[in-house]
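This report concerns only the one structure given below.
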Amino acid sequence: MDIAFSILLVGHFIGLAAIVGPFLLQMRANENFAITSMFYGAITQLVTGIGMMGLAEPLDRDIDYVKIAVKLVIAIGVFAAALLGWMRARKGANDRDIKPFFHAAGGLALVNVILAVFW
Ligand code: HEM
Numbered sequence: 003m004d005i006a007f008s009i010l011l012v013g014h015f016i017g018l019a020a021i022v023g024p025f026l027l028q029m030r031a032n033e034n035f036a037i038t039s040m041f042y043g044a045i046t047q048l049v050t051g052i053g054m055m056g057l058a059e060p061l062d063r064d065i066d067y068v069k070i071a072v073k074l075v076i077a078i079g080v081f082a083a084a085l086l087g088w089m090r091a092r093k094g095a096n097d098r099d100i101k102p103f104f105h106a107a108g109g110l111a112l113v114n115v116i117l118a119v120f121w
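Take 3 as the starting number for the sequence shown in the numbering used here and just add one per residue.
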C-alpha cells in the first residue's frame, strides 16, 4: 500500500507541475494561455490528493486534517477557476476573458504549495 501512496504522490507532483509550470511561463503573457494543462492538473490534484487521504488512515500516516481541509478548499478554487477558463477557451472566447481565470488558478495553486510546505 506504501507503493500506491508513493505513486499517488508522484501524480500529485505532476499535477502540480501542470498547473504551476504554465503559470510561471505565461505569467506576463496576454494570449495562448495553457489553460487545458491547468484544468487537467487541477483534476489530478483533487484525485491524487483525495486518493492519498484514503490511504493515509490504513497506512497510519501522520496527517494534519485541518491543513488538508484548507488545501481541499483552495484546490476546489483552483479547479473552479481552471474549469471556467477552460470552458471559455473551448467556446473560442478571447484571451482577455481567459486571463483572470488563468491567474486565479495559478495563484491559488502557488498558495497551496506554500501551505503544503510551511504549515
Ligand atoms: C492545487 C492543489 C494542490 C497543491 C498545489 C498541492 C501541493 C502539495 C505538495 C507540494 C505536496 C508535497 C509536500 C508535502 O508532503 O506536504 C503535497 C502533498 C500532499 N497533498 Fe497536496 N496539493 C494540492 C491539493 C491537495 C488536495 C485537494 C489534497 C487532499 C484532499 C491533498 C493532499 C495531500 C497529501 C495527503 C499529501 C502528502 C502529505 C504527506 O506525505 O504527509 N493535496 N501537496
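Don't be surprised by glycine CBs; every beta carbon is placed ideally from N, CA and C.
Could you pull the start and end residues of the alpha helix (DSSP H) that G79 belongs to? Taken as a continuous stretch (DSSP letters only), the alpha helix (DSSP H) holding G79 covers 67-92.
Specify, as a first and last residue, the run of the alpha helix (DSSP H) that D4 falls within. First-last of the alpha helix (DSSP H) with D4: 4-28.
Give me the Cβ distance between Q47 and V68, rounded to the nearest whole Å; I'm assuming they're in contact under 8 Å. With 8 Å as the limit, Q47 and V68 do not qualify as a contact, their Cβ atoms being about 18 Å apart.
Contact test: V192 Cβ vs the ligand HEM heavy atom, cutoff 7 Å: With the chain covering 3 to 121 only, the question about residue 192 has no answer from this structure.
Between T50, A111, A118, T38, which lies nearest to A91 when the distance is taken from Cα to Cα? Nearest C-alpha to A91: T38.
Sorted by chain position, which residues of the same chain lie with C-beta nearer than 7 Å to F41's C-beta, five sequence neighbours on each side aside? Result list for F41: A84, L85, W88, in chain order.
CA-CA distance, G112 and G13? Sequence check: residue 112 is Leu here, not Gly. When rounded, the distance between both Cα atoms is 17 Å.
Any idea what DSSP makes of R63, helix, strand or coil? Note: R63 maps to coil in three-state DSSP.
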